[in-house]
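First comes the structure, then the notes that go with it.
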Amino acid sequence: MQLQSKFTIAAPLETAWETVNNPEIVAPCLPGAVLTEYEGDSFTGTVKMKLGPITLNYRGTGTYVERDKAGRTVVIDASGRDGRGNGTARAVITARMTADGPDKTEVAMVTDIALTGRPAQFGRGMIADVTDKIISQFSARLAEELAGSGTAGSLASESGDRPSSRRADEPINVLELAGTPRAVQIAYGLIALGVLLPVCLKVVRRLRAQSTEHA
Numbered sequence: 029m030q031l032q033s034k035f036t037i038a039a040p041l042e043t044a045w046e047t048v049n050n051p052e053i054v055a056p057c058l059p060g061a062v063l064t065e066y067e068g069d070s071f072t073g074t075v076k077m078k079l080g081p082i083t084l085n086y087r088g089t090g091t092y093v094e095r096d097k098a099g100r101t102v103v104i105d106a107s108g109r110d111g112r113g114n115g116t117a118r119a120v121i122t123a124r125m126t127a128d129g130p131d132k133t134e135v136a137m138v139t140d141i142a143l144t145g146r147p148a149q150f151g152r153g154m155i156a157d158v159t160d161k162i163i164s165q166f167s168a169r170l171a172e173e174l175a176g177s178g179t180a181g182s183l184a185s186e187s188g189d190r191p192s193s194r195r196a197d198e199p200i201n202v203l204e205l206a207g208t209p210r211a212v213q214i215a216y217g218l219i220a221l222g223v224l225l226p227v228c229l230k231v232v233r234r235l236r237a238q239s240t241e242h243a
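For the sequence shown, the residue numbers in the working numbering are 29 to 243.
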């Protein structure tokens, strides 16, 4: 599935470029994400996602596979797996930056995403809607970071709290972002089906086994 989105960073092109190339700055701005390690072009981290009563905790890795400074383009290949076996996710993200005046930068993103497990039960429209809202939150938090420090370089050296009051381990609430009550109803139905169906099948098998023993 390919998703396209755009957002604006309130910073000059050079500052925006340095910022997007530093996971230590970018990761805390992404809802539900925590960076655990970063070395060279590779990084590891976690992303928490909440689907109603179920919390998925993806642990994964990412790599900057391309950093084209002349074209102001980065390509990131990231993948993760839920710790309880509820699904996997992989995304190849291409971000291209262009100056929008002296103090603003437009970021155009193309994300090729592949999901398995429970998140894959949602339709393309709902996934796209949730992704748009996550990116909106991300760009707002990134703007707070830049406004609070002034430059990407000083951000990288900060050791205090980030401007955002969000807890680092707060999960992405997918159903809250889904928007319409109808979408939420469908989502809850799918989750219930995914949780209850295996239980029902086990009960049926057990009853059949008991009836066979008594026959």
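The C-beta atom is built at its ideal place from N, Cα and C for all residues, glycine as well.
What you are looking at is a predicted structure, and each value in this text was computed from that prediction instead of being measured.
Assigned with DSSP and collapsed to three states, Ala117 falls in strand. The three-state secondary structure of Asp160, taken from DSSP, is helix. Straight-line spacing of the CA atoms in Ala148 and Met154 works out to 11 angstroms. Closest by C-alpha distance to Lys78, out of Arg146, Phe71 and Ser167, is Arg146. Annotated three-state conformation of Met29 is coil, per DSSP. Comparing alpha carbon positions, the residue from Cys57, Asn50, Asn49 and Leu84 closest to Thr116 is Leu84. In this model, Gly90 and Pro130 are separated by some 31 angstroms (Cα to Cα).
Here Asp140 is not near Val158, since their CB atoms are 8 angstroms or more apart. Contact annotation, Ile163 with Phe35: C-beta distance approximately 6 angstroms; criterion of less than 8 angstroms satisfied. Here Arg87 carries a strand assignment [DSSP, helix/strand/coil]. Under the three-state reduction of DSSP, Leu143 is assigned to strand.
The beta carbon of Arg109 sits closer than 6 angstroms to those of Thr116, all from its chain and outside the five residues before and after it, given in chain order. Taking the Cα positions, Arg169 is about 14 angstroms away from Val62.
The secondary-structure analysis by DSSP pairs Thr43 with nothing; it has no beta-bridge partner. DSSP places Leu58 in no beta strand (DSSP E); its state is neither H nor E. Under the DSSP assignment, Arg109 falls in the beta strand (DSSP E) whose first and last residues are Thr101 to Asp110.
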